[in-house]
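Numbering (UniProt numbering), first residue to last: 1 to 248.
Ideal placement from N, C-alpha and C gives every residue a C-beta, glycine not left out.
What you are looking at is a predicted structure, and each value in this text was computed from that prediction instead of being measured.
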């Protein structure tokens with residue numbers, strides 16, 4: 001299993017699998033809902049619900065992005081095509097009208113979530129595969145993390161990076177998250193550190209926090225200037241019996 005994502009009210013969980021399928025789960029009963037969503041020709045690497053919970057977006061090793069109707073579990077339209085390598089991360093904008101994707105092809109792309117068309121050209125600047133990308137709370141900026149040990153902050157309109165790449169990690173950066181006010185960025189990577197940065201100056205704030213290698217980082221709601229790896233407790237995962245299991 002490559003990725004999991006909850007809808008906004010926490011009632012549904014989507015899981016992305018290496019067998020090319022996506023499953024929807026009832027988070028209370030921890031049981032699968034209906035048959036798996038099929039369509040990808042490669043491992044599904046990332047899934048995310050739209051803010052209203054009606055749609056699901058998925059990114060795959062088959063280099064495509066697909067949209068799904070959650071209610072009937074059917075694919076919406078045709079695949080979104082443009083990346084030339086594995087799609088490692090997908091996310092909706094806060095208003096649900098755009099999608100950002102990150103790929104092993106070293107680019108970040110923006111898509112119209114309503115008609116599936118690409119918005120302008122790819123965002124380029126990273127020199128190694130991009131591991132994740134996400135919008136800030138306003139939808140005006142995007143932050144991306146890369147195996148090139150840097151992360152970048154981009155404006156979503158127009159397609160140009162804001163400032164220079166922010167560096168400091170000694171290994172691939174796996175995840176980044178902008179604080180709600182947009183003033184700080186938290187980053188986590190394979191160097192076992194979580195770092196906090198000033199989003200405007202690009203300077204690191206304080207000393208890095210030590211952690212295990214991580215795939216996801218998030219801000220606490222209090223946003224006191226610290227951030228942590230995202231590790232749900234207890235962790236939730238599907239098992240071969242067709243039910244969800246939970247454990248630390």
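What residue range is occupied by the uninterrupted beta strand (DSSP E) comprising residue 22? Taking the first residue of the chain shown as 1, we reach residue 22 at position 22. Its beta strand (DSSP E) spans residues 22-26.
Where does residue 201 land, buried or exposed, given buried means 16+ other C-beta within 10 angstroms? Sequence index remark: in the chain shown, residue 201 carries index 201 (1-based). Exposed.
Residue of 104, 78, 131, 208 minimising C-alpha distance to residue 112: Within the chain shown, the letter at position 112 stands for residue 112. Comparing Cα positions, the closest option is 78.
Below 6 Å CB to CB, which residues in the same chain sit around residue 34 once its five sequence neighbours on both sides are set aside? Position 34 of the chain shown, counting from 1, holds the residue named residue 34. Closer than 6 Å at Cβ, skipping near neighbours: 73.
Go to residue 142, then tell me how far its beta strand (DSSP E) extends in each direction, as first and last residue. Looking up residue 142 in the chain shown gives position 142. 141-146 is the span of the beta strand (DSSP E), which, as asked, contains residue 142.
To the nearest angstrom, how far is the alpha carbon of residue 154 from that of residue 56? Numbered from its first residue, the chain shown carries residue 154 at position 154. Numbered from its first residue, the chain shown carries residue 56 at position 56. Going from the Cα of residue 154 to the Cα of residue 56 covers about 24 Å.
Bridge partners of residue 2, per DSSP? By 1-based counting over the chain shown, the position of residue 2 is 2. Its beta-bridge partners do not exist; DSSP assigns none.
Delimiting residues of the beta strand (DSSP E) encompassing residue 103: Locating residue 103 in the chain shown gives position 103, where the first residue counts as 1. Where residue 103 is concerned, the enclosing beta strand (DSSP E) stretches over 98-103.
The beta strand (DSSP E) spanning residue 155 covers which residue range? As a position in the chain shown, residue 155 is number 155, starting the count at 1. Looking at the DSSP string, the run of the beta strand (DSSP E) that includes residue 155 is 150-155.
Return the CA-CA distance between residue 76 and residue 11, expressed in angstroms with no decimal places. Numbered from its first residue, the chain shown carries residue 76 at position 76. Numbered from its first residue, the chain shown carries residue 11 at position 11. Spanning the two alpha carbons is a distance of roughly 22 Å.
So, for residue 168: in the same chain, excluding its five sequence neighbours on each side, which residues have a beta-carbon less than 7 Å away from its beta-carbon? Mapped onto the chain shown, residue 168 falls at position 168. Cβ within range, chain order: 195, 204.
Please state the DSSP three-state secondary structure of residue 51. As a first step, residue 51 must be located in the chain shown, where it is residue number 51. Reduced to three states, the DSSP call for residue 51 is coil.
My assumption, with CB atoms under 8 Å, is that residue 132 sits in contact with residue 174. Please give the rounded CB distance. The residue you call residue 132 lines up with position 132 of the chain shown. The residue you call residue 174 lines up with position 174 of the chain shown. About 7 Å separates the two Cβ atoms, so the contact holds.
For residue 2, tell me which candidate among 100, 21, 209 has the shortest Cα-Cα distance. Here the question's residue 2 lines up with position 2 in the chain shown. Comparing Cα positions, the closest option is 21.
Any 3 or more C-beta pairs closer than 8 Å across the segment 92-104 and the segment 45-52: yes
Three-state secondary structure (DSSP) at residue 43? Counting from 1 along the chain shown, the entry for residue 43 is found at position 43. Residue 43: coil per DSSP, three-state reduction.
Is it the case that the Cβ atoms of residue 281 and residue 87 are separated by a distance below 8 Å? Nothing can be reported for residue 281, as the shown portion of the chain is limited to 1 through 248.
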